[in-house]
Amino acid sequence: MKKTPINQARRRFILTSATVGGGFALGLQLPTKAQMATDGGSDINIWVQISPDDMVTIKYARCEMGQGSMTSAPQIVADELDANWEQVNIEYVDVNEHIRMNRAWGDMVTVGSQTIRNSQEYLRNAGATARAMLVAAAAEEWGVNASEIDVNNGIISHAGSGRESGFGALAAAASAQAVPETVTLKDPADWHIIGQPFPRVDIPPSVDGTQIYGVDIELPGMVYASIRQCPVFGGTLKSFDASKARSRRGVIDIMSIDDNSVAVVADNWWRANKALQEIEIQWDSNGNGNVSSEDILSTFKASLDATDAALLPNNSGDADQALANAEQVLEAEYFTPFLSHSPMEPMGATVRINSDRVDIWASTQAPEGLVSELVNALGVAQENVYAHRVQAGGGFGRRGGSSDYARSAALIAAQLPEGTPVKLLWTREEDTQHDFYRPLAMYRLKAGLDSNGNISGWKTRIASGSILNQMRGVPLRGGVDFTAVEGFTRLPYQIPDQFQDFKLTPTHVPLGFWRTVGWSQTPFAREQFIDELAVAAGEDPYHFRLKHMAEDELSRHIMEKVAQAIGWDEAPAAGIYRGIATTEPYGSFTAAAVELSVNDAGAIKIHRVIQGINTGHMVNPDNVRAQLEGATVWAISAAMWGEITLEEGQVQESNFHNYRLLRMAEMPVIETVLEATGGFWGGVGEPGQAPILPAFCNAIYAATGTRVRSLPLKHHGFSLA
Amino acid sequence: MELQINNEVHDVDVEADMPLLWVLRDILNLKGTKFGCGISQCGACTVHVDGEPVRSCSYPASAAEGKAITTIEGLSADASHPVQQAWVKHQVPQCGYCQSGQIMTAVSLLAKKPQPTDADINAAMTNLCRCGTYKRIRDAIHDVAGNNPETTLAYEA
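Residue numbers (my numbering), protein chains in the order written: chain H, 1 to 721; chain D, 722 to 878.
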């Protein structure tokens, strides 16, 4: 077996050069000093650059993968700047510069529906500060009082003197102004760019084939790699016989990676992958080779009865006493399976290692994660790693946690002649079988009803693995992984007596953040169980929810809007049934209602989905609408067919024929309800999915009397018409 | 072998069984056509061969000899094809990775059925989109066909 450690001389050189020059090569004063950029523009601050022709370049620090924040985040800056949106260019922040400048642009990681809600304040300040500096420059040049100057749609003007100017003529002078210590941000009523459904800036290249994704990078002298990883998680490579593969056309090198993978490098990816299929590989499963889905289920069932679970922080009152006093007590167990992300662009990365720098091009949600992965893999200094920006062909959390694909690419590059760029591309099978999966989870819920049909006592046991613990090695605060229990930590229903706990249930299956994370699965249990209680109380599920939400105005508001949109209080047409659900994910409030019919063969026809969201402030309504539409498709695919199963320690699903996703013919009619009640900034990319799954399953119950407590629906005799 | 791609003839030295996708992507550097699954399931690799949509990941390059191949790059020189314009107008793409294939499939559908019904769209548009842009794909196709003047334009919403 060939095992080449990283070239030690090269590694030392990189470390040395970092010590000498690292960190100070670039002017760290950039944000506050006038600096002429190479194209003649002036940096007003690190977010805003203005060129003499009035074009405004706004920096974008996060990652675009279809969620739209490359457009909506700069809208926030442009609004406070009072720029003309037609004159705005958007440019990615350079990752290396960001690191050398002590992470001046804040978080680059694009996860948790956070971009807008966690950066809006500094983005608004950046725009307002740049505006104030333009105004100060104008006041100085025109000899007028700054307070009399107005800025509107890219024009700076002074009514008294009749003077006016575009941004460009004043940009150099503005960049030399003192940075104001405080700026007054606009009243939301004065926003004119925030709230506009501007077209997404990254869409035009997606319709003519010019959009560059990680897998599209082409460099001079590039070679291509395909990889086969040990099919059993935690297993290792025993030996391999590459004699047949080595003689195939185009094969350049065959190597092992990290003691658990084999890679072929060739002059073309197809040739590399063909050769890889001809390598006979012996694996050692290291004790995980007998694990099946059934074993995992038994472990989880035991977790539901375990006596050493960790308490959730929101327990209150005496749930056991309340249940003892209740008129009726209901108990139910729910199950949600492992799921893979399966973005359309499979995992991959291009890496080139030179003596003084390492370059990587990869679709990612975590550019700094790529850098640290390479630092770990190669032992180089982070200042010498250059992670280049590309559009990601979907992320959904897969590219936000582990950058395992970048590590493999780097370790392949390290075994090739110096300066050889290598593009690693995974097959769809590798992508499906080497994911960091949405955790499998089981939930046991127990609640009572008093004689008035009010919920009296509520207990939840959550059994799940921990993404934070397993992927990150993070010790769990209070023994609870908050991502696994979100949905139960703040019930919108006023129930005084609650007892909820979490039983950590690890397996050998890698876990990751899957779009909507815990909120993709906890509502399946919570919002169906609320329906079960409503049915037991003999009440309408919508009104039953409402009466328990007296103190939760925002949850009530969005659910009422959705109920109105579907006409809940008027009976649907004969044969059509409805379900409803409400959730509070990622700072937003979402509710959904579904209308469907089910025929005798179990074929479900979805007639209408109403998707409602209240994001508080809303930056780009059309993009919010698009995210809700997509999230609905995402949730219904998972509901109908989604599961990752294991036999002999290996994932059984491999490609889209056995990991089914919704197609056009199955696409329901979706209507969206957008609410922006102000007062808070909620997330957009993920919240839409949360209420869909339970609303869908509640409608199936209404139609069939079958309460689906485990997923996917295909195992319950249902199909999608 | 000689391949005629986007009205240009390319002489490529490749194995007869190399899928057209990899000739396009790795030999000719036409990166608009995407790899998604390798087994004709997702359609991200859809190109036209003599006007018919084919899934180039599973279509041997040798089978395309003597035929006219069109990729997304050959659809128009300036993104002016009505389907491309409708895709922008309706703000169809999210991540965009599948959209070259979606557009090529839609163009072929509209060539055969200039005014497709929903059933026609369902039958022809079998490409996968993980972002779930199907609603807007349908709206955009109807718009090109002039089927649905009521369609709300995303930008004007």
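A virtual CB, placed ideally from N, CA and C, is assigned to each residue, including glycine.
On a predicted model such as this, the values are computed, not experimentally measured, just so you know.
| Asked | Found |
| --- | --- |
| With a floor of 3 residues, list each beta strand (DSSP E) that falls wholly inside the stretch 582-628 of chain H, ordered by position along the chain. | 589-598, 603-614 |
| Buried or exposed, going by whether 16 or more other CB atoms sit within 10 Å of the CB of Ala631 of chain H? | buried |
| Taking a contact to mean a Cβ-Cβ separation below 8 Å, would you say Tyr577 of chain H touches Ala377 of chain H in this structure? | no |
| Would you call the stretch 614-629 of chain H in contact with the stretch 61-70 of chain H, where contact means no fewer than 3 C-beta pairs closer than 8 Å? | yes |
| Taking CB distances under 8 Å as the criterion, tell me whether Thr791 of chain D reaches chain H. | no |
| Taking the DSSP output, what are the residues bridged to His731 of chain D? | D:Leu724 |
| Could you please give the first and the last residue of the uninterrupted alpha helix (DSSP H) stretch that includes Leu796 of chain D? | 793-796 |
| Am I right that Ile684 of chain H and Ile76 of chain H are in contact with their C-beta atoms under 8 Å? What's the rounded C-beta distance? | Note that residue 684 of chain H corresponds to Val in the displayed sequence, not to Ile. Rounded, the Cβ-Cβ distance is 13 Å, inconsistent with contact. |
| Tell me the residue span of the beta strand (DSSP E) that contains Phe240 of chain H. | 236-241 |
| Would you mind stating whether His731 of chain D and Leu749 of chain D have Cβ atoms separated by less than 8 Å? | yes |
| If you draw a straight line from the C-alpha of Ala381 of chain H to the C-alpha of Arg407 of chain H, how long is it? | 15 Å |
| Let me check one thing: in DSSP terms, what residues is Asp43 of chain H bridge-paired to? | H:Gln49 |
| Given that a residue counts as buried once 16 or more other Cβ atoms are within 10 Å of its Cβ, and exposed if not, what is Ser247 of chain H? | exposed |
| Are there three or more Cβ pairs, one per stretch, closer than 8 Å when the stretch 305-319 of chain H is compared with the stretch 519-535 of chain H? | no |
| For Arg428 of chain H, decide whether its Cβ has a neighbour in chain D, counting only Cβ atoms nearer than 8 Å. | yes |
| Quick one: grab the DSSP three-state call for Gln650 of chain H. | strand |
| Comparing alpha-carbon positions, which option in H:Ser588, H:Gly587, H:Ala563 lies nearest Val594 of chain H? | H:Ala563 |
| Against chain H, does Lys856 of chain D count as a neighbour if the rule is that its beta carbon must be under 8 Å from one of theirs? | yes |
| Would a C-beta distance cut-off of 8 Å place Ile252 of chain H and Asp241 of chain H closer than the cut-off? | no |
| Cβ of Arg352 of chain H within 8 Å of Cβ of Pro439 of chain H? | no |
| Need the endpoints of the beta strand (DSSP E) that Val669 of chain H sits in, please. | Val669 of chain H -> no beta strand (DSSP E), and no H or E assigned at all. |
| Suppose the cutoff is 6 Å on Cβ atoms and the five residues either side in sequence are ignored; what does the same chain contact list for Asn645 of chain H look like? | Strictly speaking, residue 645 of chain H in this sequence is Thr, with Asn absent from that position. Excluding positions up to five away in sequence, the list reads Ser293, Gln652. |
| Residues in the same chain with beta-carbon distance under 6 Å from Pro367 of chain H, minus the five sequence neighbours each way, listed in chain order, please. | Val95, Met108, Ala387 |
| Please list the segments of the beta strand (DSSP E) lying wholly inside the stretch 296-352 of chain H, counting only runs of 3 or more residues, in order along the chain. | 328-336 |
| For Arg117 of chain H, which beta-bridge partners are listed by DSSP? | Per DSSP, none; premise fails for Arg117 of chain H. |
| What number of angstroms, rounded off, separates the C-alpha of Gly250 of chain H from the C-alpha of Met222 of chain H? | 13 Å |
| Under a Cβ-count criterion, where at least 16 other Cβ atoms within 10 Å of its own Cβ denotes burial, should Gln470 of chain H be classed as buried or exposed? | buried |
| Against chain H, does Ala875 of chain D count as a neighbour if the rule is that its beta carbon must be under 8 Å from one of theirs? | Confidence is the limiting factor: at Ala875 of chain D the pLDDT is only 37, short of 50, which leaves the residue's position unreliable, though a coordinate-based value still follows. It does; some Cβ of chain H falls within 8 Å. |
| Put Glu486 of chain H into one of helix, strand or coil per three-state DSSP. | coil |
| For chain D, find out if any of its Cβ atoms is closer than 8 Å to the Cβ of Trp269 of chain H; answer yes or no. | yes |
| List the residues of chain D whose Cβ lies closer than 8 Å to the Cβ of His657 of chain H, in chain order. | Ile760, Gln762 |
| Can you name the start and end residues of the beta strand (DSSP E) that Thr460 of chain H belongs to? | 455-464 |
| Identify whether Tyr780 of chain D lies in helix, strand or coil by the three-state DSSP scheme. | coil |
| When we look at the beta-carbon of Arg490 of chain H and count the other beta-carbons within 10 Å, is it buried (16 or more) or exposed? | exposed |
| Suppose the cutoff is 6 Å on Cβ atoms and the five residues either side in sequence are ignored; what does the same chain contact list for Phe680 of chain H look like? | Gly616 |
| With a threshold of 8 Å between beta-carbons, can Val651 of chain H be considered close to chain D, or not? | no |
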